[in-house]
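Colleague: In the numbering used here, the protein residues as written are 1119 to 1231. Glycine included, C-beta positions come from ideal geometry on N, C-alpha and C. Quick one: the structure is below, questions incoming.
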């Protein structure tokens, strides 16, 4: 799989997570996140610092939105913690040779992001 395809998949999932957590935050009148910040944060941590407070919120709509967010967050964290084998879009890649495993940070640096 090409690095840009992997990053696009991660970015798309981060956009879903962003929409879900921002819905929770809007319901609770808290500031929102952007996709890039979520990717950077979830590379290091498994959950947002405000999640403990959100879990204590008894309002039904917050619980529903938070449950949706948790599923998407777990999918994003799984994508970020996967060991990816990234191939080059060259003749060597077509022959089946692959680069060594790369981290998400290395892939983003290679793509200029």
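Measure from the alpha carbon of residue 1164 to the alpha carbon of each residue in 1190, 1130, 1129 and 1127, then state which is nearest.
Modeller: If we check each option's Cα against that of residue 1164, 1190 comes out closest.
Colleague: Tell me whether the stretch 1129-1138 and the stretch 1162-1181 touch, counting them as touching only if at least three CB pairs, one residue from each stretch, are closer than 8 Å.
Modeller: no
Colleague: To the nearest angstrom, how far is the alpha carbon of residue 1161 from that of residue 1145?
Modeller: Cα to Cα, the separation comes out at about 26 Å.
Colleague: With a threshold of 16 other CB atoms inside 10 Å of the CB of residue 1203, please say whether the residue is buried or exposed.
Modeller: exposed
Colleague: Taking the C-alpha atoms as reference points, what is the distance between residue 1151 and residue 1139?
Modeller: Spanning the two alpha carbons is a distance of roughly 8 Å.
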